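Peer 1: Numbering (this note's numbering), first residue to last: 10 to 381. Ideal Cβ positions, reconstructed from N, Cα and C, are used throughout, including at glycine. No experiment lies behind these values; they were computed from the predicted model shown. Here's a structure for you.
As structure tokens, this is what we get:
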């Protein structure tokens, strides 16, 4: 009992004197109180930290945290010294992979540590792959599980394909093989709202730029507006609303092979609210066979559920990172023809939207599945 009390007093004193807060990588609102010691148990301690923390701290093998702007992965946990605290070894993450989460419909940047002995590390932490293959690992989570065999990523100055993977003790190990260099791929995705209130005055447009599967920070964008009597956009993407109506905003990624992203935005006024009792319905099969086209039609109904003629449909595709790969044709009579001719997109989904130009009817959406 005396030894236990002494150990607890020593640990509590160390926490009070040397404890510091680190934040969880995936949830910055979540923090851990720890203190560190130099790791003398490894032949190559560079980038490794020995950390101590109370046993009720929510840290485990696979936890990824941020310390002074640097990301670390917890790779061990033991309590040989006592039942009061845990001690763990954490290793610095030396690269990131961007993964598209089909489950959450967003891109996620995952930190990894490179462990293959087939590379060398020069000054400045530059990794030089020698034989074209590399093994990486990180904490196991749902995002990592979406890195499937044959998935391709751009890193280490080239394209790599997932050859195999295995999970052990809450860690995910990914084997990557170098692929022949391919043409760079680009995509631009709108992140903001598609319905705005005129009384707000302005709205900052937001986009995600993707090059070779990786998120590009601060892409150079220019903007075009279909009707500058409805809204204008500054060089920084600040939308200024002038009157109610619908407008198409086209963003052009000038240093990304001039990749474009067009978005239809409805601007409504609180002073003169549009008729909101009208509804829109999209008719069409939710399964789109790869290599074949389908035609979808938009029908507008008033509050009495009577079909309304003479309304022009505005079509858009959202919630996917391959909009530019979808062949889109607007036909007469509010009909919209789409086709996908790329087997790599089999199993993917996207959202098809139909709205009226004046915002008097609710926007209709359906989820389309690309199938064999």
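With respect to the beta strand (DSSP E) encompassing residue 337, which residues constitute its N-terminal and C-terminal limits?
Peer 2: Reading the chain shown from its first residue, position 328 is the one you call residue 337. Counting along the chain, the beta strand (DSSP E) containing residue 337 begins and ends at 335–340.
Peer 1: Which whole-angstrom value describes the C-beta separation of residue 83 and residue 96, a residue pair presumed to lie in contact below a C-beta threshold of 8 Å?
Peer 2: Locating residue 83 in the chain shown gives position 74, where the first residue counts as 1. Locating residue 96 in the chain shown gives position 87, where the first residue counts as 1. Residue 83 to residue 96, Cβ: 11 Å. No contact.
Peer 1: By Cβ distance, which residues of its chain are closer than 8 Å to residue 66, with the 5 residues on each side in sequence left out?
Peer 2: By one-based count along the chain shown, residue 66 stands at place 57. Once the five neighbours on either side are set aside, the close Cβ partners of residue 66 are 41, 42, 43, 95.
Peer 1: Work out the CA separation of residue 45 and residue 17 for me, nearest whole Å.
Peer 2: The residue you call residue 17 lines up with position 8 of the chain shown. The residue you call residue 45 lines up with position 36 of the chain shown. Going by the C-alpha atoms only, they are around 17 Å apart.
Peer 1: Is residue 139 helix, strand or coil by DSSP?
Peer 2: The residue labelled residue 139 in the question sits at position 130 within the chain shown. Note on residue 139: pLDDT 43, under 50, position unreliable in the model; the coordinate value appears next. Coil at residue 139, not helix or strand.
Peer 1: Could you give the DSSP three-state label for residue 223: helix, strand or coil?
Peer 2: Working through the chain shown from its first residue, we reach residue 223 at position 214. Reduced to three states, the DSSP call for residue 223 is strand.
Peer 1: Please specify which runs of the beta strand (DSSP E), each continuous and at least 3 residues long, are wholly inside the segment 49–112, giving them in chain order.
Peer 2: 57–63, 73–76, 79–83, 94–101, 104–110
Peer 1: Can you give me the start and stop residues for the beta strand (DSSP E) that residue 33 sits inside?
Peer 2: The count along the chain shown starts at 1 and reaches residue 33 at position 24. From DSSP, the beta strand (DSSP E) with residue 33 extends over 29–33.
Peer 1: Name the DSSP bridge partner or partners of residue 121?
Peer 2: Indexing the chain shown from 1 puts residue 121 at position 112. Partner residues in the beta bridge of residue 121, as assigned by DSSP, are 104.
Peer 1: Please report how far the alpha carbon of residue 120 lies from the alpha carbon of residue 253, in whole angstroms.
Peer 2: To locate residue 120, count along the chain shown from 1; it is residue 111. To locate residue 253, count along the chain shown from 1; it is residue 244. Those two C-alpha atoms are separated by around 44 Å.
Peer 1: To the nearest angstrom, how far is it from the Cα of residue 241 to the Cα of residue 324?
Peer 2: Residue numbering aside, residue 241 sits at position 232 when the chain shown is read from its first letter. Residue numbering aside, residue 324 sits at position 315 when the chain shown is read from its first letter. About 21 Å.
Peer 1: Residue 111: buried (16+ other C-beta within 10 angstroms of its C-beta) or exposed?
Peer 2: Along the chain shown, one-based indexing puts residue 111 at 102. It is exposed - the Cβ of residue 111 has fewer than 16 other Cβ atoms within 10 Å.
Peer 1: Give me the residue from 248, 181, 313, 176 with the minimum Cα distance to residue 209.
Peer 2: For this step, residue 209 is matched to residue 200 along the chain shown. It is 248 whose Cα lies nearest to the Cα of residue 209.
Peer 1: The beta strand (DSSP E) spanning residue 250 covers which residue range?
Peer 2: Reading the chain shown from its first residue, position 241 is the one you call residue 250. Per DSSP, residue 250 belongs to the beta strand (DSSP E) from 247–250.
Peer 1: Pull up the distance between the alpha-carbon of residue 155 and that of residue 205, whole angstroms please.
Peer 2: Taking the chain shown and counting its residues from 1, the one referred to as residue 155 is at position 146. Taking the chain shown and counting its residues from 1, the one referred to as residue 205 is at position 196. Between residue 155 and residue 205, the C-alpha separation is close to 34 Å.
Peer 1: Using 7 Å as the threshold, is the C-beta distance between residue 349 and residue 335 below it?
Peer 2: Counted from its first residue, the chain shown places residue 349 at position 340. Counted from its first residue, the chain shown places residue 335 at position 326. Pairing residue 349 with residue 335 gives a Cβ-Cβ distance under 7 Å.
Peer 1: Reducing DSSP to helix, strand and coil, say where residue 244 ends up.
Peer 2: Along the chain shown, read from residue 1 onward, the residue named residue 244 stands at position 235. Note: residue 244 maps to coil in three-state DSSP.
Peer 1: Among all the DSSP beta bridges, which residues are the ones paired with residue 270?
Peer 2: Taking the chain shown and counting its residues from 1, one reaches residue 270 at position 261. Beta-bridge pairing links residue 270 to 260.
Peer 1: Taking C-beta to C-beta, are residue 362 and residue 198 nearer than 7 Å?
Peer 2: Within the chain shown, the letter at position 353 stands for residue 362. Within the chain shown, the letter at position 189 stands for residue 198. No. Outside cutoff.
Peer 1: Report yes or no: do the segment 284–302 and the segment 227–247 share at least 3 C-beta pairs separated by less than 8 Å?
Peer 2: no
Peer 1: Who are residue 365's beta bridge partners in DSSP?
Peer 2: Taking the chain shown and counting its residues from 1, one reaches residue 365 at position 356. DSSP, once it has assigned bridges, lists 322 as partnering residue 365.
Peer 1: Quick check on residue 208: does DSSP put it in helix, strand or coil?
Peer 2: By 1-based counting over the chain shown, the position of residue 208 is 199. Looking at residue 208 - three-state DSSP - the assignment turns out to be helix.
Peer 1: What residues match up with residue 167 in a beta bridge as DSSP calls it?
Peer 2: Along the chain shown, one-based indexing puts residue 167 at 158. 164.
Peer 1: Using only the alpha-carbon positions, how far apart do residue 20 and residue 77 sit?
Peer 2: By one-based count along the chain shown, residue 20 stands at place 11. By one-based count along the chain shown, residue 77 stands at place 68. Spanning the alpha carbons of residue 20 and residue 77 requires a straight line of approximately 23 Å.
Peer 1: Could you check if residue 158 is buried or exposed, using at least 16 other CB atoms within 10 Å of its CB as the buried criterion?
Peer 2: One-based indexing of the chain shown puts residue 158 at position 149. Residue 158 comes out exposed.
Peer 1: Within 10 angstroms of its Cβ, does residue 196 collect 16 or more other Cβ (buried), or is it exposed?
Peer 2: Counting from one through the chain shown, the residue named residue 196 turns up at place 187. Residue 196 is buried by the Cβ-count criterion.
Peer 1: Excluding five sequence neighbours on each side, which residues of the same chain lie with their C-beta closer than 6 Å to the C-beta of residue 235?
Peer 2: Walking along the chain shown from the start, residue 235 turns up at place 226. Apart from the 5 residues on each side of it in sequence, residue 235 sits with its Cβ closer than 6 Å to the Cβ of 256, 257 in its chain, given in chain order.
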